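Note sheet for the following structure.
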Amino acid sequence: MNAEELARRSHELLKRVIDVDAADREALVDHACGDDHALRRNVMALLRAVRDSTDFLEVPALGAPARHAPTTPEPDPQVPGYRVMGVIGQGGMARVYEAIQARPHRRVALKVMNRGMTQTSAVQRFLFETEVLARLRHPNIAQIHEAGSFDDGAGGSVPYFAMEYVSGARPITVHADEQGLTLRERLAMFAVVCDAVQHGHQNGVIHRDLKPGNVLVDALGHIKVIDFGIARSTDPDQAWITRHADLGQLVGTLNYMSPEQCAGSIDLDVRADVYSLGIVLYELACGRLPHDLTGVPVPEALRIVQHDAPTRPGAVRAELRGDLEAIILKAIDKDPDRRYRTAAALATDVGHFLRHEAVEARPPTLWYQTRLLARRHRPMVVAMVVVLASLLTAFVLSTRFAYLASKELTLRQEAQQNAIAQRDGAVWRAYVANIVAASSLLRFDELQHARRNLREAPAIHRNWEWRFLHEATERSAETIRAHDGLVMSLEMSRDGRRLVTASDDGTINVWDAATRSVLANARGHEDWVYSAAFDHDARRVVSGSRDHTVRVWEADSGDELRVLGRHGTSVVSVAFGAGDLVASADVDGVACLWDADTGDQLASLRDQPGGSSGVAFTRAGDRLITWNLSGSLWVRDAKATSILHELSFGGLIRCATISADDRLLAAGGADGRIMIWNLDTGAVIHALQTADSVSDVRSLAFTPDGTGLASGHTDRPIRLWSVETGRAQDPSLRGHEENVTGLAFTHDGLQLISASWDRTLRVWDVAGPDRIELVTTLRGHTDHVITCCFAPDESILASSSNDGTVRLWDPELGTEIGVLRGHRADVYALAFSPDGRWIASGSHDQTVRIWNARTGAVEAVLEGHTGHIWTVAFSPDGRFLASAGNDRVIRIWDLDGRTTVATLEGHSSRVTCVRFSPDGSRLASASRDHTVRLWDLASAGALWTSEAHRLDVFAVLFDADGRRLFSGSRDQTVRVWNTDSGECTNVLDGHGQFVTSLSISPSGERLAAGSWYGEVVLWDLRTMDVVLSFKGHDQVMRCVAFGPRGRWLASASYDHTVRIFDDAARSERIRLRHEVQARDERAAPIVDRLFDEFETPQRVADAVDAGGRCDDALLPSVRKLTLMRSLRAIGGS
708 MNAEELARRS HELLKRVIDV DAADREALVD HACGDDHALR RNVMALLRAV RDSTDFLEVP
768 ALGAPARHAP TTPEPDPQVP GYRVMGVIGQ GGMARVYEAI QARPHRRVAL KVMNRGMTQT
828 SAVQRFLFET EVLARLRHPN IAQIHEAGSF DDGAGGSVPY FAMEYVSGAR PITVHADEQG
888 LTLRERLAMF AVVCDAVQHG HQNGVIHRDL KPGNVLVDAL GHIKVIDFGI ARSTDPDQAW
948 ITRHADLGQL VGTLNYMSPE QCAGSIDLDV RADVYSLGIV LYELACGRLP HDLTGVPVPE
1008 ALRIVQHDAP TRPGAVRAEL RGDLEAIILK AIDKDPDRRY RTAAALATDV GHFLRHEAVE
1068 ARPPTLWYQT RLLARRHRPM VVAMVVVLAS LLTAFVLSTR FAYLASKELT LRQEAQQNAI
1128 AQRDGAVWRA YVANIVAASS LLRFDELQHA RRNLREAPAI HRNWEWRFLH EATERSAETI
1188 RAHDGLVMSL EMSRDGRRLV TASDDGTINV WDAATRSVLA NARGHEDWVY SAAFDHDARR
1248 VVSGSRDHTV RVWEADSGDE LRVLGRHGTS VVSVAFGAGD LVASADVDGV ACLWDADTGD
1308 QLASLRDQPG GSSGVAFTRA GDRLITWNLS GSLWVRDAKA TSILHELSFG GLIRCATISA
1368 DDRLLAAGGA DGRIMIWNLD TGAVIHALQT ADSVSDVRSL AFTPDGTGLA SGHTDRPIRL
1428 WSVETGRAQD PSLRGHEENV TGLAFTHDGL QLISASWDRT LRVWDVAGPD RIELVTTLRG
1488 HTDHVITCCF APDESILASS SNDGTVRLWD PELGTEIGVL RGHRADVYAL AFSPDGRWIA
1548 SGSHDQTVRI WNARTGAVEA VLEGHTGHIW TVAFSPDGRF LASAGNDRVI RIWDLDGRTT
1608 VATLEGHSSR VTCVRFSPDG SRLASASRDH TVRLWDLASA GALWTSEAHR LDVFAVLFDA
1668 DGRRLFSGSR DQTVRVWNTD SGECTNVLDG HGQFVTSLSI SPSGERLAAG SWYGEVVLWD
1728 LRTMDVVLSF KGHDQVMRCV AFGPRGRWLA SASYDHTVRI FDDAARSERI RLRHEVQARD
1788 ERAAPIVDRL FDEFETPQRV ADAVDAGGRC DDALLPSVRK LTLMRSLRAI GGS
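Pasting the structure below:
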């Protein structure tokens, strides 16, 4: 019996027995099935499904109101560390509560297994859901925070887990309807859902209950996929849990279950989720479900889902006919083999539709329909096939020679072209997927996995985004493989010339601190080495090990000098004091003092409550610090061991360190907490803790001058603190892939060296000329920064602000050159002339100013506008300037005569942006009247006007050949226009925020779009795919601008800053910075001589432009220094 016949007979028998008394039902099934065991199993599974059908909807949305009240009152659980606020929802297995977590303080959704649910399968499923959520890390999947169990008061242990609380959540369909989203907006949201589900599939998890109620949109529009309570693992080692729990059960939500789920199959794969996604897509697009199962008995409903064709989307809404209908029907095909193979493939096809590209899905072909007919009418079809085959054979034989020769050539050419296109498409999709994955992983500081994705991104497509992300994963100046095992500790010698590291591979390495080469390797311990330290002149090293011994080594050779003695357990901390004094501490809290020369034990310290698990000497050797996991530190006299100060940390202590001048003591431990005391008085100086850190501090180091402190954490970053202010510097140092276990500053304080369980040492430039940040932040404006632009030779970056100034910056050095002052109000518009000689600025004071870019002097003030000026642009030949703003008039100025030569009128609201075409014959404009206009400058008339944008248009931009025009709008889209016809050829709607500015890379391959909420999105201009999205600022971003050479991307924001994002390698940036600094030094005396000779800035600038005054290589520096000196002279800086 085939599967189709089995399903038919199962449903026929189900109808016969469904109304029979339960006591007689099983006997009737046995009689009807006889020896057909497969039929009996199927019918009994369907009967159990009918019995359980009222529990399909188990738990409502996390953060959404409960759909039903608890059927039986039950007191709120008393989960340690949580305050329960109320029930969100409940099911047969668990309840979900809204709760407040104490540490860290936050609102969570707390899922607690119901009391009495002691079945092994139920507990296994609950724990399986916990594991599923723990391994899924995706911004659109609700994240788990903590899992555990608690005592229910009756001697039982109740499992629970806390997860992300989705505030103000609504099912995706409800959100779409409430917000009145367009079809394209709904499809863009759906693609995000597919990405989250694909992440689950890639991590071996099949959701099996995808429906709008489990796809939530919070109050800020963020999508979260929830409720993995019936998820299935594809991991063979875990699949037995869900298979065993599902035997004889039908799991899921009927309207969204795939036909194979309805048949009770336990051999499901990811295509079951693809079907459910298809139903969600159907509901989003049509506003209804494909089958109306209202009031239909469950057995009949199961049959409908498995066998009846759905209502075609085009029959519900005519606009859905064609490609989108084909996509939906392919996703919900009854046959899993005809569906999309993955959620990513479904999302890709939706993306093709949104971009007006050919889709993979197609309506059912004639061949497919013929096959279905053949299955139903086999005898008749066989006879017809015989007749048709005979006729066809005769026809083919009579025409084959000429036809086949031509057809074969055509097919070969088409096949070759298709193969090339498919290969190239696959390579491109692999590139985008790896870039997107790397970007997402970087948000979670998963640097190791991000590096892997970048390595796998095909080299042929690597562009700005790849180089930028690559630098983001390699933030240290140097990485050294230190040991074969975990690096457990790191210490710098007092003279700064040597380092010592200890490892769980049982070895100790002595390093040259300058060259980072190994000078000696000490072997002899029989187990892990937890700690190693130098004596005062770095001639000896002391170490403590899990083999219970304390050993002394010669630093130059690595030879063992002495075994000092044995502790009763693992030695976790050692330190050298004055002379031959050594201190050690073990995991049982016993501290010992030893004579390193004789090996004698001088003292055993057991007086500290909670014991002593760490030891450290002051540099002078007169004081000994002991601390323990209970949170107490004792400052002792090093010789007498008497207590000088008793200090309280207030939590578990992992590490402690003393400043080089013996003035400060710092300790770090649980929850990212750090305390700093005055070592002489015991007074607390700072209690430090970052707001976002819940990880332990594993290592600490003071800067040589004691003004700074570095902390290494279990969540892998290194944070730098100001001892004076107690504030952490931003950004933190990220690069290690495991716990940071040791830190040491170089003697000059310019570099920090770190050790980690990832087996490496990393070197960081934390001060001085070689300190390079991935993002350069320019600070100086005192109000919102509105726009920025590069000089054509990239030597200057200019920015304008609501503070009424234009500031000029050296982008390579990140320093301010000077300030242009003169406007009496906000400066909203800024542009360099094509030859770099002039800067134009437009202000709310209704004037346009033309500045000399060589001297900073005002050359002209253009008046004529009657409202705020929002935009200016130079023509390609530099002869004309366009300006516009609140008065709705675009003025074209002749810069030689300083007069208006044309006015373009037609906009009904503020003109926000104007740009000349590359050939200078046309001008594009954007306006708050929602339109884009293209003007012919010869006739001063509009060539075409588009009202396709639904809201304000903020930006317009031509591509290099002027054939395409791009516009960015408040409606969250970028539109692409054919400049000849005015036709909109593409809509880029994956931005999700107001698009405030646009910039095209010099290569013409990338479009950067800046957004109102600080996000930067990069599009590939060949495929129109998003290749990167990253946060540029935390506040409004008004401008993005590529540098003329394509290396830099600058942005301006309401946070008063300009930022420069750089794709150059760190070594290249250091080289270029040094070149500029050296060039400036050589140019300075030349500029001094020029001012002595020509006296005024203008005459100096003219002499430089005339040539012969310096080498061409020095010309940028000479001009920059001339400008700086000129601005100082006129009071501009």
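Residue numbering for the sequence shown follows our numbering, starting at 708 and increasing by one per position. Just so it is clear, CB atoms sit at the ideal spot from N, CA and C, and this is done for glycine as well. Just so it is clear, the structure is predicted and the values come from calculations on it, not from any experiment.
Per-residue burial, residue i [other beta carbons within 10 Å of its own, 16 or more giving buried]
i     : result
E1198 : buried
T1305 : exposed
D1809 : exposed
P1006 : buried
Q1123 : exposed
M820  : buried
D1472 : buried
T1034 : The question names Thr, yet the displayed sequence has Ile at residue 1034. The residue is buried, with at least 16 neighbouring Cβ atoms inside 10 Å.
R723  : exposed
L1079 : Legend: pLDDT at L1079 = 46, less than 50; position of this residue unreliable, value from coordinates given subsequently. Looking at its Cβ environment, which holds fewer than 16 other Cβ atoms inside 10 Å, L1079 is exposed.
F1151 : exposed
R1752 : exposed
D1732 : buried
Q797  : buried
L1036 : buried
K918  : buried
L1118 : exposed
Given residue i as reference, the closest of the options once Cα atoms are compared
i     : options                       : result
E1153 : R1230, P1424 and A1367        : P1424
H1177 : V1194, L1481 and L1440        : L1481
L1351 : Q1315, F1539 and D1795        : Q1315
R1246 : R1205, A1790, T1222 and F857  : R1205
V786  : A806, I795, A1145 and L991    : A806
H1614 : P1411, D1594 and R1258        : D1594
R1835 : K1041, T1562 and V803         : T1562
L1309 : A1290, S1366 and V900         : A1290
S717  : Q1013, H1551 and V1134        : Q1013
G1321 : S1196, W1260, G1265 and G1272 : S1196
M800  : A1647, D934 and S1113         : D934
E1802 : I1460, T1829, L1821 and E1523 : T1829
S1339 : W1384, D1329, L1300 and G1328 : W1384
A1567 : I1557, A1715, C993 and A1435  : I1557
T837  : S856, R822, P846 and N847     : S856
R1796 : A1785, E1782, V1783 and V1811 : V1811
A903  : G1275, A1050 and Y867         : A1050
For residue j and residue i, the rounded distance between their alpha carbons
i     : j     : result
L988  : M751  : 33 Å
A1303 : L1193 : 27 Å
F1409 : R1370 : 11 Å
H1491 : F1283 : 55 Å
R802  : W1577 : 56 Å
G1251 : D1211 : 11 Å
G1750 : I1479 : 19 Å
Cβ separation of residue i and residue j, assumed to be a contact under 8 Å, to the nearest whole Å
i     : j     : result
T1730 : S1718 : So it is not a contact: roughly 21 Å between Cβ atoms.
A1631 : V1663 : 4 Å
A1547 : A1538 : 5 Å
V922  : I879  : 4 Å
G994  : I1039 : Not really, about 16 Å apart at Cβ, beyond 8 Å.
V1681 : L1705 : 7 Å
Check: residue i C-beta below 7 Å from any heavy atom of the ligand MN
i     : result
I1597 : Among the components of this structure there are no ligands whatsoever, and the ligand MN is therefore not found.
Any chain D beta carbon closer than 8 Å to residue i
i     : result
R1361 : Judged by its chain identifiers, the structure shown contains no chain D, having just a single protein chain.
Determine contact between the stretch 845-864 and the stretch 968-987, defined as no fewer than three beta-carbon pairs at a distance below 8 Å.
-> Because the criterion of three Cβ pairs below 8 Å is not met, the stretch 845-864 and the stretch 968-987 do not touch.
Taking contact to mean at least 3 C-beta pairs separated by less than 8 Å, is the stretch 1574-1589 in contact with the stretch 1597-1609?
-> yes
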